[in-house]
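Notes follow once the structure below has been shown.
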């Protein structure tokens with residue numbers, strides 16, 4: 002088969018469409034003939050040499066895909082050849098075929114196109130596991146989402162709104178109208194406005210109950226300042242650096258919680274549990290049209306370098322998909 006391989010760490014031009022060995026399903030695995038995959042920030046980091054795949058994962062990028070099951074390994078139940086699925090991956094989505102643990106498969110939601118469903122697994126599992134499992138967001142609370150125009154951001158805005166929260170999102174001004182349509186109650190232009198002050202004003206000084214952060218170090222102090230009493234800050238990215246100073250006094254005064262999670266490196270049983278939770282709690286919202294994949298554009302997989310440049314530019318809204326075949 003063919004896959005996007007990384008010749009050496011570097012810019013988008015190191016990506017090439019190459020022949021690689023066909024995957025074989027191991028115990029508890031299936032092979033999916035890929036119809037589409039999505040570009041995630043982790044793929045850019047892997048291309049640059051900063052985020053190697055975990056042991057046992059394919060060497061090429063791709064943390065999610067959609068497609069058709071073409072083979073099943075031993076000890077697989079409830080999945081048949083021909084099933085249309087989307088899947089959470091540890092890697093290997095930028096390919097014609099990929100082997101997937103059966104516990105990381107999701108059915109394509111009713112009303113969602115097979116190709117577009119490739120943009121759901123990573124964001125749905127990341128957002129649900131952090132906003133619902135870790136941060137315990139409930140109706141009536143305020144959710145602050147950083148990077149509102151990203152795949153994660155557009156999904157978090159919709160899920161927060163569907164759960165009955167007031168949603169505040171940071172994003173470039175050019176993206177505000179689109180994000181308001183997705184359910185954001187307040188948009189903050191992070192280049193021109195202070196999100197701490199904007200959140201305080203919008204909540205009569207109380208602050209955000211939950212903050213979903215992709216920036217890391219550069220936002221750490223301001224995120225704590227933006228928290229409400231008993232607030233929960235969940236860090237899922239380090240685009241603003243990995244080392245920051247935490248004012249424990251400010252955190253103690255608010256009885257605040259800071260958590261940091263990663264999805265790719267979790268054990269298989271934890272990923273399977275998250276996928277089950279997403280299927281039970283999020284898929285009904287998707288099938289009801291209350292949450293939907295936000296697709297900026299589709300590109301052929303041979304144009305993976307162009308897709309990486311687009312994501313690096315931050316000009317997109319939602320997911321950039323790579324189609325196969």
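In this note's numbering, the protein residues as written are 2 to 326. Think of the CB as a built atom: it goes at the ideal place given N, C-alpha and C, for glycine as much as any other residue.
Have a look at residue i and residue j and give me their C-alpha separation to the nearest angstrom.
i, j, result
"residue 284", "residue 110", "7 Å"
"residue 11", "residue 237", "24 Å"
"residue 325", "residue 234", "38 Å"
"residue 271", "residue 78", "19 Å"
"residue 338", "residue 239", "Nothing can be reported for residue 338: it is not among the residues displayed for the chain, which extend from 2 to 326."
"residue 56", "residue 27", "15 Å"
"residue 1", "residue 254", "The displayed coordinates of the chain run from 2 to 326. Any statement about residue 1 would go beyond what the structure contains."
"residue 266", "residue 206", "38 Å"
"residue 247", "residue 228", "13 Å"
"residue 307", "residue 321", "10 Å"
"residue 2", "residue 72", "15 Å"
"residue 24", "residue 313", "30 Å"
"residue 17", "residue 151", "25 Å"
"residue 197", "residue 204", "11 Å"
"residue 95", "residue 251", "44 Å"
"residue 318", "residue 169", "16 Å"
"residue 323", "residue 194", "34 Å"
"residue 68", "residue 81", "13 Å"
Out of the options, which has the shortest C-alpha to C-alpha gap to residue i?
i, options, result
"residue 33", "50, 9, 115", "115"
"residue 1", "247, 229, 199, 91", "Outside the shown range of the chain, which is 2 to 326, sits residue 1, and nothing can be said about it."
"residue 145", "61, 312, 74, 185", "185"
"residue 173", "316, 230, 55, 132", "316"
"residue 230", "143, 311, 163", "143"
"residue 225", "201, 137, 296", "201"
"residue 281", "130, 3, 61, 26", "130"
"residue 249", "223, 181, 18", "223"
"residue 291", "55, 159, 76", "159"
"residue 163", "73, 3, 139, 251", "139"
"residue 61", "68, 319, 204, 22", "22"
"residue 76", "50, 67, 31", "31"
"residue 260", "16, 221, 73", "221"
"residue 215", "171, 19, 256, 28", "171"
"residue 66", "51, 25, 105, 253", "105"
"residue 242", "9, 51, 227, 322", "51"
"residue 258", "137, 305, 149, 195", "137"
Throw me the rounded Cβ distance for the residue i and residue j pair, which I believe falls under 8 Å.
i, j, result
"residue 58", "residue 119", "Not quite, the Cβ-Cβ distance comes to about 18 Å (not below 8 Å), so this is no contact."
"residue 70", "residue 83", "6 Å"
"residue 155", "residue 183", "6 Å"
Would you kindly check if the distance between the Cβ of residue j and the Cβ of residue i is under 9 Å?
i, j, result
"residue 97", "residue 39", "no"
"residue 287", "residue 113", "yes"
"residue 245", "residue 209", "no"
"residue 165", "residue 141", "yes"
"residue 48", "residue 13", "yes"
"residue 309", "residue 117", "no"
"residue 153", "residue 135", "no"
"residue 213", "residue 132", "yes"
"residue 53", "residue 86", "no"
"residue 199", "residue 189", "yes"
"residue 187", "residue 167", "yes"
"residue 29", "residue 88", "no"
Handout entry: Stretch pair the stretch 290-303 + the stretch 266-280: three plus CB contacts closer than 8 Å
Key = Counting Cβ pairs under 8 Å, fewer than three are found: no touch.
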